[in-house]
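**Student:** Count along the sequence shown from 1, add 6, and you get the number used in this note's numbering.
Using N, Cα and C, we set each Cβ at its ideal position, and we do this for glycine too.
Only a predicted model underlies this, so the values are computations on that prediction, with no experimental measurement involved.
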Amino acid sequence: MFSFQSKWRYFFMFLGIQLVVMALLSREGYQKRVNYFIRIFRKSEHGRNNSGLALGGDVYANLTHLSKTHLHRDDMPYCPLKSPLIAGPIHVSFPSGLSLAQVQRKNPLVVRGGRYRPPDCEARHRTAIIIPHRHREHHLKFLLYYLHPFLQRQQVTYGIYVIHQAGNYTFNRAKLMNVGFREAMKEEDWDCLFFHDVDLIPEDDRNTYTCDANPKHAAIAMDKFGYKLPYKMYFGGVSALSPEHYLKMNGFPNNYWGWGGEDDDIGIRVSLAGMYITRPSLKVGRYKMIKHKLDEGNGVNPKRFNMLARTRQTWKLDGMNTAEYEVLSKVYLPLYTNITVNIGTEEGLKALPKPPPSIAKRYHTSKCVIVAGLGILSLINQLNQTFPTHSSYPCGSE
7 MFSFQSKWRY
17 FFMFLGIQLV
27 VMALLSREGY
37 QKRVNYFIRI
47 FRKSEHGRNN
57 SGLALGGDVY
67 ANLTHLSKTH
77 LHRDDMPYCP
87 LKSPLIAGPI
97 HVSFPSGLSL
107 AQVQRKNPLV
117 VRGGRYRPPD
127 CEARHRTAII
137 IPHRHREHHL
147 KFLLYYLHPF
157 LQRQQVTYGI
167 YVIHQAGNYT
177 FNRAKLMNVG
187 FREAMKEEDW
197 DCLFFHDVDL
207 IPEDDRNTYT
217 CDANPKHAAI
227 AMDKFGYKLP
237 YKMYFGGVSA
247 LSPEHYLKMN
257 GFPNNYWGWG
267 GEDDDIGIRV
277 SLAGMYITRP
287 SLKVGRYKMI
297 KHKLDEGNGV
307 NPKRFNMLAR
317 TRQTWKLDGM
327 NTAEYEVLSK
337 VYLPLYTNIT
347 VNIGTEEGLK
357 ALPKPPPSIA
367 KRYHTSKCVI
377 VAGLGILSLI
387 NQLNQTFPTH
397 SSYPCGSE
């Protein structure tokens with residue numbers, strides 16, 4: 007039998023062992039929690055760049071297994087509703103020394119003119135990319151480097167059109183987009199057209215380049231705006247319209263020469279035409295801008311605010327139904343179709359020298375409607391009925 011003192015001794019010994027075990031378990035749990043938060047922090051830091059923005063994966067991932075031989079169209083199933091190649095965030099950087107030849111080698115399935123269709127399924131969407139352009143070759147190669155695989159991962163049939171403003175007159179982005187719509191629709195009955203600034207790179211391939219029931223503003227979160235929408239009616243950077251949307255709003259204004267105003271005019275047109283703007287989430291609609299100075303020949307438009315105040319009165323009178331231009335050349339390059347156009351000046355269309363026929367195919371614009379496909383002819387007829395003008399819907403001169 008244990009004495010009274012022995013019992014108390016064993017009791018305190020047992021109690022001490024329990025306290026030690028509890029302390030050790032508590033410390034282990036505390037350490038696990040600390041380690042857990044440390045791992046999260048380190049993972050977060052590893053996945054961020056110096057500006058604190060989340061980095062993603064290689065835009066060319068998931069494309070290496072694609073077959074270079076297309077199946078017969080009759081044997082092709084439709085592509086899935088959601089592409090299995092989509093991976094989410096994309097790491098965007100601008101390495102020095104990148105060349106168009108390198109971009110071409112990385113995109114072996116892109117054919118002449120910058121066209122692509124999925125090799126193993128029938129695309130559910132057909133998208134044309136319209137890029138207004140002048141003196142931005144350095145930016146263009148980076149956009150093409152990212153945009154081609156970005157679109158391929160979405161399993162869309164697409165074509166890329168670069169609309170190059172000839173001459174040194176003041177730049178007119180919106181009028182070039184009008185040109186791009188017409189010239190792209192002549193070649194194919196696209197069901198969606200994306201109007202894309204050359205200096206904006208998409209950072210998430212879940213931002214699908216397909217049209218919605220209403221006009222879409224895709225570039226909701228640009229890095230230059232802190233990845234936030236600057237204001238509710240903003241429609242700049244990257245936007246998408248179906249041909250039907252385009253007709254309802256009479257295209258884009260032609261009279262915004264220089265920087266500023268045209269995006270807001272377009273946003274107002276959407277509303278006046280009885281539509282509204284749709285957008286992806288801030289997490290998905292992210293874009294990184296290639297930094298640059300304001301271009302020569304693209305100074306701030308001092309008339310933009312007065313013009314915006316009159317949009318309600320002018321949108322049916324100034325748009326696709328009054329766009330005058332002359333196609334100087336159309337060249338089908340390996341990564342895109344380059345269309346060089348004379349869009350004139352504020353004083354009207356002025357003649358510019360055309361490139362030699364040996365290096366470019368000429369298109370006389372007074373005949374361009376005649377050679378257009380059935381799709382664009384039908385659209386033009388609808389447009390002329392909706393927004394009649396005294397002009398003959400010109401696109402150039404003999």
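As a quick exercise: from H145, W196, Y262, pick the residue whose alpha carbon is nearest that of E353.
**Tutor:** Indexing the sequence shown from 1 puts residue 353 at position 347. It is Y262 whose Cα lies nearest to the Cα of E353.
**Student:** Taking all protein chains shown into account, decide if A107 is buried (16 or more other Cβ within 10 angstroms of its Cβ) or exposed.
**Tutor:** Working through the sequence shown from its first residue, we reach residue 107 at position 101. Per the 10 Å Cβ criterion, exposed.
**Student:** Compute the Euclidean distance between the alpha carbons of K356 and G350, then round it to the nearest angstrom.
**Tutor:** Here the question's residue 356 lines up with position 350 in the sequence shown. Here the question's residue 350 lines up with position 344 in the sequence shown. Approximately 5 Å between the Cα atoms of the pair.
**Student:** Here's the rule I'm using: 16 or more other beta-carbon atoms within 10 Å means buried, otherwise exposed. How should E209 be labelled?
**Tutor:** The residue labelled residue 209 in the question sits at position 203 within the sequence shown. By the 10 Å Cβ count, E209 comes out buried.
**Student:** Per DSSP, S335 forms a beta bridge with which residues?
**Tutor:** In the sequence shown, residue 335 corresponds to position 329, counting from 1. Beta-bridge pairing links S335 to T346.
**Student:** Distance, Cα to Cα, R310 vs M295?
**Tutor:** In the sequence shown, counting from the first residue as 1, residue 310 sits at position 304. In the sequence shown, counting from the first residue as 1, residue 295 sits at position 289. Between R310 and M295, the C-alpha separation is close to 24 Å.
**Student:** Could you please give the first and the last residue of the uninterrupted beta strand (DSSP E) stretch that includes G165?
**Tutor:** Looking up residue 165 in the sequence shown gives position 159. Run containing G165: 163 to 171, per the beta strand (DSSP E) assignment.
**Student:** What does S245 pair with, by DSSP beta-bridge criteria?
**Tutor:** By one-based count along the sequence shown, residue 245 stands at place 239. Answer is F201, H223, bridged to S245.
**Student:** Which term fits D203, buried or exposed, when burial requires 16 or more other beta carbons within 10 angstroms of its beta carbon?
**Tutor:** Locating residue 203 in the sequence shown gives position 197, counting from the first residue. Buried.
**Student:** Over the uninterrupted alpha helix (DSSP H) stretch that includes T317, give me the two end residues.
**Tutor:** Here the question's residue 317 lines up with position 311 in the sequence shown. Unbroken alpha helix (DSSP H) run through T317: 317 to 320.
**Student:** Assuming the contact rule is C-beta atoms closer than 8 Å, I169 and I136 should be a hit. Round their C-beta distance to whole Å, please.
**Tutor:** One-based indexing of the sequence shown puts residue 169 at position 163. One-based indexing of the sequence shown puts residue 136 at position 130. Confirmed, Cβ separation roughly 6 Å.
**Student:** Have a look at G103 and R316 and give me their C-alpha separation to the nearest angstrom.
**Tutor:** Mapped onto the sequence shown, residue 103 falls at position 97. Mapped onto the sequence shown, residue 316 falls at position 310. G103 and R316: Cα-Cα distance of roughly 46 Å.
**Student:** Just checking my contact of M326 with N184 at CB under 8 Å: how many whole Å lie between their CB atoms?
**Tutor:** Position 320 of the sequence shown holds residue 326. Position 178 of the sequence shown holds residue 184. Confirmed, about 5 Å.
**Student:** Spatial neighbours of Y42 within its chain, please: C-beta separation below 6 Å, excluding the five flanking residues on both sides.
**Tutor:** Position 36 of the sequence shown, counting from 1, holds the residue named residue 42. Note that Y42 scores a pLDDT of 41, beneath 50, so its modelled location is shaky and nothing firm can be said.
**Student:** Nearest CA to the CA of V337: which residue from R118, M191, G94?
**Tutor:** Reading the sequence shown from its first residue, position 331 is the one you call residue 337. Among R118, M191, G94, the Cα nearest to that of V337 is on R118.
**Student:** Tell me which same chain residues have a C-beta within less than 6 Å of the C-beta of G242, skipping the five on either side of it?
**Tutor:** By 1-based counting over the sequence shown, the position of residue 242 is 236. Cβ within range, chain order: D269.
**Student:** Alpha carbon to alpha carbon, how far is S89 from N174?
**Tutor:** Mapped onto the sequence shown, residue 89 falls at position 83. Mapped onto the sequence shown, residue 174 falls at position 168. Going by the C-alpha atoms only, they are around 43 Å apart.
**Student:** Run through DSSP, which three-state label would H141 get?
**Tutor:** The residue you call residue 141 lines up with position 135 of the sequence shown. In this structure, H141 counts as coil in the three-state DSSP scheme.
**Student:** Quick one: give me the first and last residue of the alpha helix (DSSP H) that M239 is part of.
**Tutor:** The residue you call residue 239 lines up with position 233 of the sequence shown. Element bounds for M239: n/a, residue is neither H nor E.
**Student:** Using the three-state DSSP reduction, which class does V40 fall into: helix, strand or coil?
**Tutor:** Counting from one through the sequence shown, the residue named residue 40 turns up at place 34. Residue placement at V40 is poorly supported in this model, since its pLDDT is 38, which falls under 50; the coordinates are not used for a value here.
**Student:** Starting from the Cα of K147, find the closest Cα among E250, A227, S99, F17 and give me that residue.
**Tutor:** To locate residue 147, count along the sequence shown from 1; it is residue 141. Ranking E250, A227, S99, F17 by Cα distance to K147 puts S99 first.
**Student:** With G120 and G165 assumed to form a contact (beta carbons below 8 Å), what rounded beta-carbon distance in angstroms separates them?
**Tutor:** Counted from its first residue, the sequence shown places residue 120 at position 114. Counted from its first residue, the sequence shown places residue 165 at position 159. Their Cβ separation, rounded to whole angstroms, is 6 Å, which keeps G120 and G165 in contact under 8 Å.
**Student:** If you run the structure through DSSP and keep just helix, strand and coil, what is L206?
**Tutor:** One-based indexing of the sequence shown puts residue 206 at position 200. Three-state DSSP puts L206 in a strand.
**Student:** Go ahead and label M191 buried or exposed: buried means 16 or more other beta carbons lie within 10 angstroms of its beta carbon, across all protein chains shown.
**Tutor:** Working through the sequence shown from its first residue, we reach residue 191 at position 185. Around the beta carbon of M191, 16 or more other beta carbons lie within 10 angstroms, which makes this residue buried.
**Student:** Alpha carbon to alpha carbon, what distance is there between Q160 and A225?
**Tutor:** Residue mapping note: residue 225 aligns to position 219 of the sequence shown, counting from 1. Residue mapping note: residue 160 aligns to position 154 of the sequence shown, counting from 1. The alpha-carbon atoms of A225 and Q160 are separated by roughly 17 Å.
**Student:** Following the continuous beta strand (DSSP E) through M295, name the residue where it begins and the one where it ends.
**Tutor:** For the purposes of this step, residue 295 is identified with residue 289 of the sequence shown, where counting begins at 1. From DSSP, the beta strand (DSSP E) with M295 extends over 292 to 295.
**Student:** By the 10 Å Cβ neighbour count, where 16 or more other Cβ atoms means buried, how is G266 classified, buried or exposed?
**Tutor:** Locating residue 266 in the sequence shown gives position 260, counting from the first residue. That one is buried.
**Student:** Within 10 Å of its beta-carbon, does Y84 have 16 or more other beta-carbons around it, so buried, or fewer, so exposed?
**Tutor:** Here residue 84 refers to the residue found at position 78 when the sequence shown is read from its first residue. Y84 should be labelled exposed.
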